[in-house]
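A short write-up of the structure that comes next.
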Amino acid sequence: MGKIFKHNEKTDFIVNMKESTYRSLVFGFLLLFVIALTASYLPYFFAKGNTLDYQGADLMTGTISYSMSSGDALEKLKIPMIALMAFGFFGFLLLLIAGVKKFLTLRQSMPLILLAVYGGLCTVSTFFAYDINIAFFGNQGRYEGLLTIIACIGIFAAAVQLERTRLRTLLCDIVVIVAAVNCFVGVMQAIPATSRYIPGFFSEANFLDIISIDHLIANGIIGSPYALCSYAVIGLGICLAGIMYCDSVKKRVFYIFCGAVCLCGGLFTKLMAVIVGTAVIFICGSVIEIARIKTGHGLIMKGFFKNPIGKLICAFVLSAVVFAVFRAFDYYGFYESYIASTDSLSRLMVSNPRYDSDGIGFFSRSWKDGFSMLKDNWIFGTGPDCIGLERYGAQSMISEAGSTDRIYNEYLNIALSTGIPSLVCYLGFIVLSCKRGIEGLGRFFSRKEGYERAGVFIACAGYCAAACFSISTPASLPIFFLMAGLAVSSDKSKPDT
């Protein structure tokens, strides 16, 4: 019997693949993913339209027409979901290649094992869900079901293989650019003079020249203030490390500009999570530099701005000034209640009326609801993306004023949707990734690796802190998993300075 498969250059590509070729393949995949994730939201972004299209209509007609176009645009959100599934699958394929070629070490496997258990528990939760179909695919307009969770794990599985300092630094720069682009669009959405020309999720305040800056909220191309908040925090974390430690003046100017855009875009989301994440970013930057000096790896040089700590202090002061200006002109406030209720109304046609700013009171109510539900769903949860359905039911949720389908604390949301054991695995994954990140910082201190180590660690810390007052989205969670993968990955190559 003849051989079914014959050896040729194509079939032998994986067998003969060199490790350097594999690492370049991983980089190309992750680079394409970061760009494609935002690009996949462009059909939704343009289908959403803007209020200028209805400028000649009366307020009622314009509002109804704009809302209908927004509802039609939700169909376009299937495109990012499909893209994420495809990239997640390819991420697992890269992991398989690494296993076959023995490029994956046991130390790198431990976070993946925790994530495998986490994914397994989420799968069990899906079968016990209020609605298995929604738990698997996600609700229309949300798409945060089991498939999204598995795809994010696939992204982590690929990111953990990127073991080249130069490639990791370049990938971080691409993440910064994507974050800055989204934040710039967010700024345009939040400024009264430009918001009528830019599609956005919160543009209904502009009809008939009725401008309410309180209700102009940045959401970027990705269409969610919570996702934009995560992008802003992650981008700002990487930029802060670049400002402090990059030797290139041109690159520092790049980080200063992108960091400023990310800060402004984040503040225009009017979320408490932005302040929490930004504060943790500066705290982590201070701790890292103090530890570097204390361990004898940093020298105090003449000239305030020649020292990383001086650059950090300057960045903090400028950020504080920007925040003060935003507060003085009433461009920033805690509008979580309005954002959450508007988000649920626009995506799920529930939660009416919408509320304005009420600050911390929103979280106390939301978390109280979550803990009351957790008593009956603490093992396997309600099922991914099924919290609102479990609490209100499909019919009563529509008529319940102020109802939402989320608990606005990412960790409590995980516990409630997939169970406390699932949350324990997720937190274990974060702790282990943090431990690996600290080890990477040690190598950075010894100049065995580049400054991107500090940027990745700061960005992940900022995201985890902001998550206490935010929710994950299919646009932002994969980026966090990517950054966590970079934190876990190791590198023996010579760093670029």
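Residue numbers (numbering that gives the first Met the number 0): 0 to 496. Just so you know, even glycine gets a beta-carbon here, dropped at the ideal spot from N, CA and C.
- Query: Do the stretch 446 to 460 and the stretch 147 to 160 touch if we need at least three Cβ pairs shorter than 8 angstroms?
  - Reply: no
- Message: If contact is defined by three or more beta carbon pairs under 8 angstroms, each pair taking one atom from either stretch, is the stretch 178 to 188 in contact with the stretch 222 to 237?
- Response: yes
- Nearest CA to the CA of I287: which residue from F479, E74, F444 and G484? As a working note, residue 287 is residue 288 in the sequence shown. Answer by Cα proximity: F444.
- Query: Between the Cα of Y43 and the Cα atoms of I308, F328, I220 and I386, which residue gives the shortest distance?
  - Reply: The sequence position of residue 43 within the sequence shown is 44, counting from 1. If we check each option's Cα against that of Y43, I220 comes out closest.
- Message: Is the beta carbon of L411 closer than 8 angstroms to that of G380?
- Response: The residue given as residue 380 occupies position 381 in the sequence shown. The residue given as residue 411 occupies position 412 in the sequence shown. No, they are not a contact pair.
- Under three-state DSSP, which class holds C433? Within the sequence shown, residue 433 is the residue found at index 434, counting from 1. Correct three-state label for C433: helix.
- Buried or exposed by the 16-neighbour rule on C-beta atoms within 10 Å, applied to D172: Along the sequence shown, read from residue 1 onward, the residue named residue 172 stands at position 173. The residue is buried, with at least 16 neighbouring Cβ atoms inside 10 Å.
- Message: I need the boundaries of the alpha helix (DSSP H) containing W377, first residue and last residue.
- Response: Looking up residue 377 in the sequence shown gives position 378. Premise fails: W377 is in no alpha helix (DSSP H) and is neither H nor E.
- Message: Within 10 Å of its beta-carbon, does V295 have 16 or more other beta-carbons around it, so buried, or fewer, so exposed?
- Response: If you number the sequence shown from 1, residue 295 lands on position 296. The sequence given here places Gly at residue 295; Val does not occur at that position. Flag for G295 reads exposed.
- Query: Looking at the structure shown, is M16 part of a helix, part of a strand, or coil, going by DSSP?
  - Reply: By 1-based counting over the sequence shown, the position of residue 16 is 17. Look at M16 here: in three-state DSSP terms it is coil, with no helix or strand label.
- Could you check which residue in I419, L426 and K77 has the C-alpha nearest to that of V123? Against the sequence shown, residue 123 aligns to sequence position 124. Minimum Cα distance to V123 is reached at I419.
- Which value, in whole angstroms, describes the spacing of the CA atoms of A483 and Y425? As a working note, residue 483 is residue 484 in the sequence shown. As a working note, residue 425 is residue 426 in the sequence shown. Each residue's Cα considered, the two are about 12 angstroms apart.
- Message: Tell me the DSSP secondary structure of R442 in three-state form.
- Response: Position 443 of the sequence shown, counted from the first residue, corresponds to residue 442. It is helical.
- State the DSSP-derived secondary structure class of L215, mapped to helix, strand or coil. Here residue 215 corresponds to residue number 216 of the sequence shown, with the count starting at 1. Looking at L215 - three-state DSSP - the assignment turns out to be coil, as it is neither helix nor strand.
- Can you tell me whether DSSP reads A97 as helix, strand or coil? The residue you call residue 97 lines up with position 98 of the sequence shown. DSSP places A97 in helix when its eight states are reduced to three.
- If you measure from the beta carbon of G265 to each beta carbon in chain C, is any gap under 8 angstroms? The question asks about chain C, but that chain is absent: this structure has only one protein chain.
- Just the Cα atoms here: how many angstroms apart are V321 and I190? Numbered from 1 along the sequence shown, position 322 holds the residue referred to as residue 321. Numbered from 1 along the sequence shown, position 191 holds the residue referred to as residue 190. If I take the Cα positions, the gap works out to 15 angstroms.
- Message: Just to confirm before moving on: does the CB-CB distance between G265 and V273 stay below 8 angstroms?
- Response: Here residue 265 refers to the residue found at position 266 when the sequence shown is read from its first residue. Here residue 273 refers to the residue found at position 274 when the sequence shown is read from its first residue. Taking 8 angstroms as the Cβ cut-off, G265 and V273 qualify as a contacting pair.
- Message: Going by C-alpha to C-alpha distance, which of C385, A115 and A339 sits closest to N138?
- Response: Position 139 of the sequence shown, counting from 1, holds the residue named residue 138. Closest by alpha carbon: C385.
- Query: For G98, which residues of its own chain have a beta-carbon under 6 angstroms away from its beta-carbon, when the five flanking residues on both sides are left out?
  - Reply: Stepping through the sequence shown from its first residue, residue 98 is reached at position 99. Correct list: empty, nothing qualifies.
- Item | Best match in W377, R435, I406 and D342 for proximity to K367 [C-alpha to C-alpha] | Taking the first residue of the sequence shown as position 1, residue 367 is located at position 368. When each option's Cα is compared against that of K367, the closest is I406.
- Assumed close pair L111, F26 - CB separation to whole angstroms, cut-off 8 angstroms: For the purposes of this step, residue 111 is identified with residue 112 of the sequence shown, where counting begins at 1. For the purposes of this step, residue 26 is identified with residue 27 of the sequence shown, where counting begins at 1. The pair is not a contact, with the Cβ atoms about 19 angstroms apart (cut-off 8 angstroms).
- Whole-angstrom distance between D329 and L114, CA atom to CA atom: Walking along the sequence shown from the start, residue 114 turns up at place 115. Walking along the sequence shown from the start, residue 329 turns up at place 330. Going from the Cα of L114 to the Cα of D329 covers about 42 angstroms.
- Task: For the alpha helix (DSSP H) containing F304, list its first residue and its last residue.
- Result: For the purposes of this step, residue 304 is identified with residue 305 of the sequence shown, where counting begins at 1. No alpha helix (DSSP H) contains F304, which DSSP labels as neither H nor E.
- Length of the line joining the Cα atoms of R195 and K434: As a working note, residue 195 is residue 196 in the sequence shown. As a working note, residue 434 is residue 435 in the sequence shown. Going from the Cα of R195 to the Cα of K434 covers about 46 angstroms.
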